[in-house]
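Here the structure is laid out as structure tokens; the discussion comes afterwards.
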Ligand SMILES: C[S@@+](CC[C@H](N)C(=O)[O-])C[C@H]1O[C@@H](n2cnc3c(N)ncnc32)[C@H](O)[C@@H]1O
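Numbering (my numbering), first residue to last: 795 to 1009.
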């Protein structure tokens, strides 16, 4: 259940130095794809509750809080939540974000509590044996018709020679578009799926960014 916790706790101890070291993350701000997805979401919901799964340093919760939403940010890494709280204070949105140290596989929220759930590179760190449990949690706390947006590693990442691997205690999974449709298509209408190469900051990864709506 706690796969990757050591890896991520360690990562947050490095703080901004990870970027200087070329390790690529955590980054600040959100990319164009999430801005585009949030515009689509805003056509249907102008405020409401957003759950930021595996929030890291909170950039996504901060973005949604700045755009009129009430954000709930959870991560199992205490170091991530501590840094996220500080960045939310700096951005003057701490009163709009509820932080919690918790596992995405045991979501501590009521049924159908959220209008939007965001998973930006967290599902791709969940081992396949826990995918059903992950989905059960997400489906339970998301309202019918609620939005779910996902960013996961693509198999088309340059130089990739296998579909999954471990680095320390962390798991990395790489998806085809078909994998995404098969895993999520029964429960969600897939509104938008786009594949994008991320080169900056290094290292380079190909990602799938997906916007879905609960059936
Ligand atoms: C690659 S980082 C992405 C962080 C953030 N979503 C972002 O885009 O900046 C993955 C995050 O998911 C968290 N995480 C991974 N597995 C988790 C789990 N089972 N429960 C809670 N958080 C988890 C890690 O601690 C880490 O902060």
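From the three backbone atoms N, C-alpha and C, an ideal C-beta is built for every residue, glycine too. As the structure is a prediction and not an experimental result, all values here were calculated from the model.
When DSSP labels each residue in this structure, what does residue 949 get in the three-state scheme? For the purposes of this step, residue 949 is identified with residue 155 of the chain shown, where counting begins at 1. Residue 949 falls in the coil class under three-state DSSP.
Is it buried or exposed, residue 953, if we count other Cβ atoms within 10 angstroms and call 16 or more buried? Taking the first residue of the chain shown as 1, we reach residue 953 at position 159. Exposed: under 16 other Cβ atoms inside 10 Å.
Excluding sequence positions up to five away, which residues of its chain have a Cβ less than 7 angstroms from the Cβ of residue 968? Reading the chain shown from its first residue, position 174 is the one you call residue 968. Correct list, in chain order: 947, 948, 949, 951, 954, 957 and 958.
Classification of residue 920 by the beta-carbon crowding that lies within 10 angstroms, buried from 16 upward: Position 126 of the chain shown, counted from the first residue, corresponds to residue 920. Classification of residue 920: buried, given that the 10 Å Cβ count is 16 or more.
When you compare each of 878, 840, 870 and 884 to residue 864 by their alpha carbons, which one comes out closest? Working through the chain shown from its first residue, we reach residue 864 at position 70. Of the listed residues, the one whose Cα sits closest to residue 864 is 840.
Pairwise C-alpha distance: residue 851 and residue 881: The residue labelled residue 881 in the question sits at position 87 within the chain shown. The residue labelled residue 851 in the question sits at position 57 within the chain shown. C-alpha separation (whole angstroms): 7 angstroms.
My assumption, with CB atoms under 8 angstroms, is that residue 843 sits in contact with residue 907. Please give the rounded CB distance. To locate residue 843, count along the chain shown from 1; it is residue 49. To locate residue 907, count along the chain shown from 1; it is residue 113. Right, the Cβ-Cβ distance comes to about 6 angstroms (below 8 angstroms), so this counts as a contact.
Among 815, 927, 931 and 1009, whose alpha-carbon lies nearest the alpha-carbon of residue 902? Taking the first residue of the chain shown as position 1, residue 902 is located at position 108. Checked all of 815, 927, 931 and 1009; the closest Cα to residue 902 is 931.
Provide the residue(s) that pair with residue 847 in DSSP beta bridges, ordered along the chain. One-based indexing of the chain shown puts residue 847 at position 53. DSSP output for residue 847 lists 868 and 913 as bridge partner(s).
Is the beta carbon of residue 943 closer than 8 angstroms to that of residue 899? Taking the chain shown and counting its residues from 1, one reaches residue 899 at position 105. Taking the chain shown and counting its residues from 1, one reaches residue 943 at position 149. Result no, Cβ atoms of residue 899 and residue 943 do not sit closer than 8 angstroms.
Where does the unbroken alpha helix (DSSP H) through residue 802 begin, and where does it stop? As a first step, residue 802 must be located in the chain shown, where it is residue number 8. Per DSSP, residue 802 belongs to the alpha helix (DSSP H) from 799-808.
Could you compute how far the alpha carbon of residue 934 sits from the alpha carbon of residue 845? As a first step, residue 934 is located in the chain shown; it is residue number 140 there, counting from the start. As a first step, residue 845 is located in the chain shown; it is residue number 51 there, counting from the start. Looking at the two C-alpha atoms, the distance is approximately 13 angstroms.
So, at 6 angstroms on beta carbons, what are the nonlocal neighbours of residue 866 in its own chain, with the 5 sequence-adjacent residues on each side left out? Stepping through the chain shown from its first residue, residue 866 is reached at position 72. Within the same chain, residue 866 has close Cβ partners 845 and 892.
Grab the span of the alpha helix (DSSP H) containing residue 924 for me, first residue to last. Your numbering for residue 924 matches position 130 in the chain shown. Unbroken run through residue 924: none, as it is neither H nor E.
At 4 residues or longer, and completely inside the segment 875-915: list those alpha helix (DSSP H) runs for me, N to C. none
Is any non-hydrogen atom of ligand 1 found closer than 7 angstroms to the C-beta of residue 974, if you look at the structure I gave you? Here the question's residue 974 lines up with position 180 in the chain shown. Outside the cutoff, so no.
Among 910, 859 and 853, whose alpha-carbon lies nearest the alpha-carbon of residue 775? Coverage of the chain is limited to positions 795 through 1009, which leaves residue 775 absent and any answer about it impossible.
From this set, 977, 872 and 830, which residue's C-alpha is nearest residue 986's C-alpha? By one-based count along the chain shown, residue 986 stands at place 192. Answer by Cα proximity: 830.
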